[in-house]
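Asks: Okay, here's the structure, questions in a sec.
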Amino acid sequence: MAQTFKRKQIYINMDLQFKYSLVLIFTMFVEMVIVGLALLYVFSQPKPDIPGANIYFIYKVVLAIILFLTLCNITVGVYLSHKVAGPLFRFVMCIRELANGNFKIQVNLRKGDEMRELESAFNDMTDKVRSQVRQDRQKLKDIQEAVGVIEDSLAKNVGKPEKDKIIEEIKYIRETTEQIADFYIV
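And the structure:
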């Protein structure tokens, strides 16, 4: 049964979320200053004698401001999403490599990328998995040797001392395979 997690707090990673909140607040502040200065400029211009000409000028300025601010928002949005999407893409690629059995894989993010804590945790995890796989491989080689000893002993039509050795090897095989099987949570 899959566990469902409900977040009870808004700030999960305070440093990351605070940083991006400040960037967004700063961007909005700059946009408000630009709009204010543009409107101040528009309303400080002398009014032409042609009816409706002032309104047309205001529309053009407001449209130019909206287009400029939209471009600014797109640029900031692409920049911020790149700081998160790039590392996520790298993690997906590394996880696929790990799923294919490449336990040498490590995530190496660029300087300035986000998710450094996740990078460290992922690399620690792969180091531990790689270590456990090495240990399990060695145990499996030991089991293969024990099976070889048993086969040799049985082929010789064994006596009492050899039977004790065979029983000892079988116990080792049982205990080692239990250790390997019990280690993994499935």
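Counted the way our numbering counts, the sequence shown spans residues 996 to 1181.
All residues carry an ideal CB built from backbone N, CA and C; glycine is no exception.
1. Which first and last residues belong to the alpha helix (DSSP H) in which Val1028 is found?
2. Taking only runs of the alpha helix (DSSP H) that begin and end inside the segment 1112 to 1181, which ones reach a length of at least 4 residues, in chain order?
3. With a threshold of 8 Å on Cβ separation, who are the neighbours of Glu1157 within its own chain once the five nearest residues in sequence on each side are excluded?
4. Does DSSP put Met1110 in a helix, a strand or coil?
5. To which residues of the same chain is Phe1117 closer than 6 Å at the C-beta, ignoring the five residues directly before and after it?
6. Below 8 Å on the Cβ atoms is my contact criterion, and I expect Asn1067 with Glu1026 to pass it. Report the Cβ-Cβ distance as a whole number of Å.
7. Report back the beta-carbon spacing between Ile1060 and Val1030 to the nearest angstrom; my notes put them in contact at under 8 Å.
8. Less than 7 Å separating the Cβ of Ile1161 from some heavy atom of the ligand ADP?
9. Nearest by alpha-carbon distance to Thr984: which of Asp1010, Arg1132, Met1023, Leu1135 is it?
10. Would you say the segment 1140 to 1147 touches the segment 1118 to 1131, given that touching needs at least three Cβ pairs under 8 Å?
11. Is the beta carbon of Phe1098 closer than 8 Å to that of Arg1132?
12. Taking the alpha carbon of Tyr1015 as the reference point, which residue from Ala1094, Glu1163, Gln1040, Tyr1074 has its own alpha carbon closest?
13. When you compare the CB positions of Glu1109 and Val1079, do they come within less than 8 Å of one another, or not?
14. To the nearest angstrom, how far is it from the Cα of Leu1093 to the Cα of Arg1085?
15. Under a three-way DSSP split, which group does Val1102 fall into?
16. For the candidate residues Val1087, Tyr1036, His1077, whose alpha-carbon lies nearest to that of Gly1107?
17. At the level of alpha carbons, what is the spacing between Val1181 and Met1009?
Replies: By the coordinates alone:
1. 1009 to 1039
2. 1155 to 1178
3. Ser1148, Lys1151
4. coil
5. Val1102
6. Checking the sequence, you will find Cys at residue 1067 rather than Asn. That pair is a contact at about 7 Å.
7. 6 Å
8. Absence of the ligand ADP is noted for the structure shown, with no ligands found whatsoever.
9. Absent from the model: residue 984. The displayed extent of the chain is 996 to 1181, so no value can be given.
10. no
11. no
12. Tyr1074
13. yes
14. 12 Å
15. coil
16. His1077
17. Low confidence applies to Val1181: its pLDDT is 48, below 50, so where it sits in the model is not reliable enough to give any reading.
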